[in-house]
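Following: one structure in structure tokens, then a few remarks.
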Amino acid sequence: MSLTLYGFDGSPYVRTVKMLLKEKNAEFDQLQINVMKGEPHHPDHLVRHAFGKVPVIEHDGFRVIETSAIMAYLDEVLPGVSLTPDNARDRARANMAQAIYDSYGYGSMASVFGYYLFPDFIGGQNDESRLKGIQGSKLVLTEIMKLKGSDPYIAGKSLSVGDLYLAPACAYLAMTPDADEVFAVTGFETWWASIQSLPSFKTTPPQ
Numbered sequence: 001m002s003l004t005l006y007g008f009d010g011s012p013y014v015r016t017v018k019m020l021l022k023e024k025n026a027e028f029d030q031l032q033i034n035v036m037k038g039e040p041h042h043p044d045h046l047v048r049h050a051f052g053k054v055p056v057i058e059h060d061g062f063r064v065i066e067t068s069a070i071m072a073y074l075d076e077v078l079p080g081v082s083l084t085p086d087n088a089r090d091r092a093r094a095n096m097a098q099a100i101y102d103s104y105g106y107g108s109m110a111s112v113f114g115y116y117l118f119p120d121f122i123g124g125q126n127d128e129s130r131l132k133g134i135q136g137s138k139l140v141l142t143e144i145m146k147l148k149g150s151d152p153y154i155a156g157k158s159l160s161v162g163d164l165y166l167a168p169a170c171a172y173l174a175m176t177p178d179a180d181e182v183f184a185v186t187g188f189e190t191w192w193a194s195i196q197s198l199p200s201f202k203t204t205p206p207q
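Under full-length UniProt numbering, the residue at position 60 of the sequence shown is numbered 60, and the numbers go up by one with no gaps.
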């Protein structure tokens, strides 16, 4: 099997894919495509992803772009524990968490952690954007924790793709002075402790 991941370790979406690969105990190669240096828009990468994004994977000559498609594909084709719930309601929970993060979460969270960690990448420090990001991030976490309910993970008793989507951005938020405010959401503390204990989380820190 040949599996190559194209992507920058600083990208939360790349870390999401790497966490899945670690959960699957999959062997893979990685080519760093540095977002901060504009490398996704270099001609050689635009051949892989015409919109200049990461991650991208190539598996036995088959290329997959966009994180949602990559995660679904890898979870299906790789051996090991499934990260897709085995019933319709829990699959819906995982899918809703993923969609909430993609549509509303990443942008809000990035405006907070980017303010402190990558200000040049987000166009400079904008206090109004940061404050809106805090409120947006709290709303996203609140709604996702409602999906989790009393279960240990977002979509039930077991880790799922939904958890892997949320974890990397939370890791960046945890590095900021706004973490306590953003994370003051019912149910978050126990979920976050469980995520931080995962070997797949511990072995994929952003570089």
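Note that CB positions come from ideal geometry on N, CA and C, so glycine has one too.
Remember, predicted model here, so these are calculated numbers, not experimental data.
Under 7 Å between C-beta atoms of Pro206 and Gly10: yes
How many Å lie between Glu27 and Asp178 at the Cα? 37 Å
4 or more residues per run - each alpha helix (DSSP H) lying fully within the segment 110-195: 127-148, 161-173, 179-182
Can you check whether the CB of Ile100 is closer than 7 Å to the CB of Val161? no
Just to confirm, are Tyr153 and Leu159 a CB contact at a threshold of 7 Å? yes
Can you list the alpha helix (DSSP H) stretches of 4 or more residues lying completely in the UniProt domain "GST N-terminal" (1-82), in chain order? 12-23, 43-48, 67-77
Three-state secondary structure (DSSP) of Pro205: coil
Helix, strand or coil at Pro199 according to DSSP, with G and I counted as helix: helix
Using a threshold of 7 Å, state whether the C-beta atoms of Ile57 and Leu5 are closer than that. yes
Could you name the residues of the same chain whose beta carbon sits closer than 8 Å to that of Ser194, not counting the 5 residues immediately before and after it, in chain order? Pro152, Tyr153
Pair within 7 Å by beta-carbon distance, Phe62 and Ile33: no
Between the C-alpha atoms of Asn25 and His59, what's the straight-line distance to the nearest angstrom? 15 Å
Kindly indicate which residue of Phe121, Thr190, Met175, Thr186 has the alpha-carbon position closest to the one of Gly38. Phe121
Could you check what DSSP says for Asp102 in three-state terms: helix, strand or coil? helix
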